[in-house]
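S.K.: Residue numbers (my numbering): -1 to 253. This is the structure I have questions about; it appears just below.
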Amino acid sequence: MTAPPPDDCLARNEWICGEYLSTRRQILLDAVLQHVQLTVVSVALGLLLAVPLALLARRRRWTAGPVLGVTTVLYTIPSLAMFSLLLPVYGLSATLVVVGLALYSLTLLVRNLLAGLNGVPAEARDAARGMGYGPLRQLLTVELPLAVPAAMAGLRIATVSAVALTTVGAIVGYGGLGNLIYAGMNSFFKAQVLTASVLCVLIAIVFDLLLLGVERLLTPWRRAGRTARGRRARWRGRTAVGREQPVAAASGRRA
-1 MTAPPPDDCL
9 ARNEWICGEY
19 LSTRRQILLD
29 AVLQHVQLTV
39 VSVALGLLLA
49 VPLALLARRR
59 RWTAGPVLGV
69 TTVLYTIPSL
79 AMFSLLLPVY
89 GLSATLVVVG
99 LALYSLTLLV
109 RNLLAGLNGV
119 PAEARDAARG
129 MGYGPLRQLL
139 TVELPLAVPA
149 AMAGLRIATV
159 SAVALTTVGA
169 IVGYGGLGNL
179 IYAGMNSFFK
189 AQVLTASVLC
199 VLIAIVFDLL
209 LLGVERLLTP
219 WRRAGRTARG
229 RRARWRGRTA
239 VGREQPVAAA
249 SGRRA
């Protein structure tokens, strides 16, 4: 006779197991906090580096090629190779993961910031200069706000990518949820692998939604523009309907 299956889903090693969530709650919470911290710090560091690089490439046109070229080369380096190259400098530490992720984010951040700055209409710059704005004031109050949509698009992609790449930090012991994923894969612990993977996806979605909300707060004129276009479209629709009714009535009379 075969023994009956155990009642515990952990003992049965099922993919979906509520017992795993209840018994490993603190472990999951610590992993999520480390994952979020590594992501936020690395993207913030990348943004801190990307802004002056984009401004340099915008002001000194001849530097745009080298800046974009170097950041692109950094992005093509495999993550394991990147961490290995940084290992002699930072050792087995969280700083190693943060710096590696920050370097990866530079490509997206610099390109989008530069695209946003280059997309500022010349009329806006001329108007700012005509109002007596100096270069710094023009940058802070005119150019950077108008570049926000393109910059935020790059920031959203870079953040979601950082959430995914943070898991690779498990090779040095600082991977957040990646530590659980790698440990679960080595021991074929199904519930741990699935739970940690789903949490990674949820973190990426939450970050993306938060940044989308920040973008909308920073660009109120885009909401006003969409509202105005919607009103014009509704007005044109009502006008078209109003015109069609007399025509239909006239056609009926002729019939």
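Using N, Cα and C, we set each Cβ at its ideal position, and we do this for glycine too.
By DSSP, does ARG135 sit in helix, in strand, or in coil?
M.R.: In this structure, ARG135 counts as helix in the three-state DSSP scheme.
S.K.: Assign MET129 to buried or exposed, taking buried as 16 or more other Cβ atoms, counted over all protein chains shown, within 10 Å of its Cβ.
M.R.: With fewer than 16 Cβ atoms within 10 Å of its Cβ, MET129 is classed as exposed.
S.K.: Using the three-state DSSP reduction, which class does VAL245 fall into: helix, strand or coil?
M.R.: Residue placement at VAL245 cannot be trusted, given a pLDDT of 48 that sits under 50; the coordinates are not used to answer.
S.K.: Take GLY152 and list the residues in its own chain whose beta-carbon comes closer than 6 Å to its own, dropping the five residues that flank it on each side.
M.R.: Cβ within range, chain order: LEU106, LEU107 and ASN110.
S.K.: Given this structure, state the Cα-to-Cα distance separating SER77 from VAL97, to the nearest angstrom.
M.R.: So the alpha carbons of these two residues sit roughly 12 Å apart.
S.K.: Tell me which same chain residues have a C-beta within less than 7 Å of the C-beta of TRP13, skipping the five on either side of it?
M.R.: Cβ within range, chain order: LYS188, ALA189 and LEU192.
S.K.: Could you spell out the range, first to last residue, of the alpha helix (DSSP H) harbouring GLY173?
M.R.: No alpha helix (DSSP H) holds GLY173; DSSP gives it neither H nor E.
S.K.: Mind reading off the beta-carbon distance from TYR102 to LEU66? Whole number of angstroms is fine, and I expect it under 8 Å.
M.R.: At roughly 15 Å, the Cβ-Cβ gap does not stay under 8 Å, so TYR102 and LEU66 are not in contact.
S.K.: Comparing alpha-carbon positions, which option in GLN32, VAL196 and LEU210 lies nearest ALA148?
M.R.: Answer by Cα proximity: LEU210.
S.K.: Just reading off the alpha helix (DSSP H) that CYS198 is part of, what are its end residues?
M.R.: 188 to 216 is the span of the alpha helix (DSSP H), which, as asked, contains CYS198.
S.K.: Take every Cβ of the stretch 46 to 56, pair it with every Cβ of the stretch 82 to 89, and state whether three or more of those distances are shorter than 8 Å.
M.R.: Counting Cβ pairs under 8 Å, fewer than three are found: no touch.
S.K.: Out of ALA194, VAL146 and VAL41, state which residue places its alpha-carbon closest to the alpha-carbon of ALA168.
M.R.: Answer by Cα proximity: ALA194.
S.K.: So the candidates are THR139, PRO133, VAL30 and TYR180; which of them puts its Cα closest to the Cα of ARG57?
M.R.: Comparing Cα-Cα distances from ARG57 to each of THR139, PRO133, VAL30 and TYR180, the minimum goes to PRO133.
S.K.: Give the C-beta separation of THR164 and ILE179 to the nearest angstrom, bearing in mind that I take them to be a contact with Cβ-Cβ under 8 Å.
M.R.: Not confirmed; about 11 Å, so no contact.
S.K.: Assign PRO143 to one of three DSSP states: helix, strand, or coil.
M.R.: Looking at PRO143 - three-state DSSP - the assignment turns out to be helix.
S.K.: With 16 other CB atoms within 10 Å as the buried threshold, where does THR61 fall?
M.R.: Counting Cβ neighbours within 10 Å, THR61 comes out exposed, since fewer than 16 surround it.
S.K.: With a floor of 3 residues, list each beta strand (DSSP E) that falls wholly inside the stretch 10 to 92, ordered by position along the chain.
M.R.: If we require 3 residues or more, the stretch 10 to 92 turns out to have no beta strand (DSSP E) run fully inside it.
S.K.: For LEU115 and ARG127, what's the separation of their Cα atoms in angstroms?
M.R.: The straight-line gap from Cα to Cα measures roughly 16 Å.
S.K.: So, for ALA247: in the same chain, excluding its five sequence neighbours on each side, which residues have a beta-carbon less than 8 Å away from its beta-carbon?
M.R.: Its pLDDT being 49, under 50, ALA247 is placed unreliably by the model, and nothing is read from it.
S.K.: Using three-state DSSP, classify ALA117 as helix, strand or coil.
M.R.: For the sequence presented, residue 117 should be read as Gly rather than Ala. Looking at GLY117 - three-state DSSP - the assignment turns out to be coil, as it is neither helix nor strand.
S.K.: Could you give the DSSP three-state label for ASP6: helix, strand or coil?
M.R.: Here ASP6 sits in coil by DSSP.
S.K.: Starting from the C-beta of ALA202, find all residues in its chain whose C-beta is less than 6 Å away, skip the five residues before and the five after it, and write them out in chain order.
M.R.: Closer than 6 Å at Cβ, skipping near neighbours: VAL158 and VAL161.
S.K.: What residues in its chain sit with their C-beta under 8 Å from that of ASP206, if we drop five residues either side in the sequence?
M.R.: Cβ neighbours of ASP206 beyond the five flanking positions: ARG154, THR157 and VAL158.
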